[in-house]
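Trainee: Per this note's numbering, the very first residue in the sequence shown carries number 793; after that it's consecutive.
Just so it is clear, CB atoms sit at the ideal spot from N, CA and C, and this is done for glycine as well.
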Amino acid sequence: MSPWIEAAFAKYAWIWIGLTFGLAAKYALLIKKGVRVRPSLLMADILLLPMVGLIAYWLVTQFGVSGEAAALVSAGATIGAERVVKLYTERFMRQVEAITLRDLSREVTESKGELRNAVQTELSAKRLAGQSDD
Numbered sequence: 793m794s795p796w797i798e799a800a801f802a803k804y805a806w807i808w809i810g811l812t813f814g815l816a817a818k819y820a821l822l823i824k825k826g827v828r829v830r831p832s833l834l835m836a837d838i839l840l841l842p843m844v845g846l847i848a849y850w851l852v853t854q855f856g857v858s859g860e861a862a863a864l865v866s867a868g869a870t871i872g873a874e875r876v877v878k879l880y881t882e883r884f885m886r887q888v889e890a891i892t893l894r895d896l897s898r899e900v901t902e903s904k905g906e907l908r909n910a911v912q913t914e915l916s917a918k919r920l921a922g923q924s925d926d
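1. Which two residues bound the contiguous alpha helix (DSSP H) that contains Gly-856?
2. Taking just the CA atoms, how far does Thr-913 sit from Arg-919?
3. At which residues does the alpha helix (DSSP H) containing Gly-810 begin and terminate?
4. Compute the distance between the beta-carbons of Leu-811 and Ala-867, then report whether it is under 9 Å.
5. Below 8 Å, how does it come out for the stretch 841-850 and the stretch 868-875: are there three or more Cβ pairs, yes or no?
6. Between the stretch 851-859 and the stretch 878-889, are three or more C-beta pairs nearer than 8 Å?
7. Pull up the distance between the alpha-carbon of Val-888 and that of Ala-917, whole angstroms please.
8. Roughly how many whole angstroms lie between the Cα atoms of Gln-923 and Ser-903?
9. With a threshold of 8 Å on Cβ separation, who are the neighbours of Phe-855 within its own chain once the five nearest residues in sequence on each side are excluded?
10. Which class does Arg-830 belong to by DSSP, given the choice of helix, strand or coil?
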């Protein structure tokens, strides 16, 4: 076996073991709750797995753990990944909504100013027209 493969296996094997066990535990918990496991649900979790792997790797390096502890942290990240993704999605949507409301209120304020200027211009024109008629 090449040294690169051995090094990658030594560095990431426990994380992959944790991801695998965490995914199995997540589905066991879903089945225990009575949720019907559909292929689309499994596909969504498999598509989320690389992101969960990055989160797990970051957590493992932050905590400075290795071996079985790295697998345990990775499994925990896998089980809680759905909640984390939901939390960040809601946070992102709140920020988008706040920016949209801010932009909308700015547009309304600007349009009020433009309307006020147009009315004032019309009134001024009528006054000038009324003065020149006299």
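Mentor: So, to answer that:
1. That residue, Gly-856, is in no alpha helix (DSSP H); it is neither H nor E in DSSP.
2. 10 Å
3. 795-825
4. yes
5. yes
6. no
7. 43 Å
8. 30 Å
9. Ala-861 and Val-865
10. coil
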